[in-house]
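Here is the structure we will look at.
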Amino acid sequence: MNKINRVIITFGRFFFVMVFLGISTLFVFIEAGSLFMSKSDGVNFLSKGFGNISGVVLGEANEDDSKEIVTSSTVVASDARPEIIRKYLEKYKSPLVPYSDLIFELSQTYGFDYRWIVAIAQQESNLCKKIPEESYNCWGYGIHKSGTLRFENYEIALKSFAEYLDRVYFKKGLNTPELIMKKYCPSSNGSWAFGVNQFMNEMELGDI
Numbered sequence: 030m031n032k033i034n035r036v037i038i039t040f041g042r043f044f045f046v047m048v049f050l051g052i053s054t055l056f057v058f059i060e061a062g063s064l065f066m067s068k069s070d071g072v073n074f075l076s077k078g079f080g081n082i083s084g085v086v087l088g089e090a091n092e093d094d095s096k097e098i099v100t101s102s103t104v105v106a107s108d109a110r111p112e113i114i115r116k117y118l119e120k121y122k123s124p125l126v127p128y129s130d131l132i133f134e135l136s137q138t139y140g141f142d143y144r145w146i147v148a149i150a151q152q153e154s155n156l157c158k159k160i161p162e163e164s165y166n167c168w169g170y171g172i173h174k175s176g177t178l179r180f181e182n183y184e185i186a187l188k189s190f191a192e193y194l195d196r197v198y199f200k201k202g203l204n205t206p207e208l209i210m211k212k213y214c215p216s217s218n219g220s221w222a223f224g225v226n227q228f229m230n231e232m233e234l235g236d237i
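Quick note on numbering: the sequence shown equals residues 30 to 237 in my numbering.
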């Protein structure tokens with residue numbers, strides 16, 4: 030009886046293990062099938078939503094793609110500013126036309142609005158058409174009874190004025206035409222600030 034009991038117990042254990050393995054295997058197949066179906070449905074849904082897009086891997090690098098789009102639009106907007114400067118200078122036949130990119134680069138270097146250099150030059154010298162002979166000084170600064178601040182060329186003049194504008198005005202909180210006028214042109218009755226504002230608005234609104 031002991032041997033028969035042991036055989037029965039052993040067989041029972043074996044049968045239980047086989048049943049357990051069979052049920053476990055069945056569940057694995059069911060889960061795998063469900064997962065496959067859900068992924069297929071998800072891809073079909075995304076494909077229908079986006080249409081036929083060649084060269085795009087769905088569900089991959091979405092974050093990078095969105096960043097690239099934002100960056101591209103920013104670059105386009107930024108690149109338009111040198112063109113705005115160039116067209117404005119061309120409209121008034123200014124000798125500063127070849128320096129449109131430099132004017133923009135200087136404004137970015139010092140972190141001020143790209144229109145300042147042009148607007149002040151327009152107010153002070155009709156964009157460099159009315160300046161002391163061979164001075165290349167289009168902004169009227171450093172011009173007084175004691176003498177005239179002169180430069181070798183427009184490039185040096187632009188770099189000097191941008192640094193001066195940033196150091197003497199913007200870094201001291203003088204960042205509007207009205208505030209700048211009090212130090213730059215204290216004898217003005219307001220016409221200086223009015224003119225600078227007008228020229229900056231022309232560029233902003235594309236009145237070129």
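A virtual CB, placed ideally from N, CA and C, is assigned to each residue, including glycine.
Values in this document were obtained by computation on a predicted structure and should not be read as measured data.
- In this structure, M229 and A148 form a Cβ contact; the two beta carbons are roughly 5 Å apart against a cut-off of 8 Å.
- Contact between the region 128-142 and the region 164-182 is not established, with fewer than three Cβ pairs separated by less than 8 Å.
- Counting other Cβ atoms within 10 Å of its Cβ, A191 reaches 16 or more and is therefore classed as buried.
- The C-beta distance from Y170 to Y183 rounds to 15 Å, too long to fall under 8 Å, and the pair is not in contact.
- Rounded to whole angstroms, the separation of the alpha carbons of G235 and W168 is 23 Å.
- In this structure L156 is in contact with Y121, their Cβ atoms being roughly 5 Å apart against a cut-off of 8 Å.
- Relative to S189, the option among S136, D108, S123, E112 whose CA is nearest is S136.
- Sixteen is the threshold: since fewer than 16 other Cβ atoms of the shown chains lie within 10 Å of the Cβ of A109, the residue is exposed.
- The beta carbon of E207 sits closer than 7 Å to those of A222, all from its chain and outside the five residues before and after it, given in chain order.
- Residue environment analysis places R144 among the buried positions, since at least 16 neighbouring C-beta atoms fall within 10 angstroms of its C-beta.
- In the DSSP assignment, K212 falls within the unbroken alpha helix (DSSP H) covering 206-213.
- Checking the DSSP bridge columns, you'll see I172 partnered with T177.
- DSSP places N182 in the coil class of the three-state scheme, outside both helix and strand.
- In terms of CA proximity to R196, T138 leads the group P127, T138, L125, L118.
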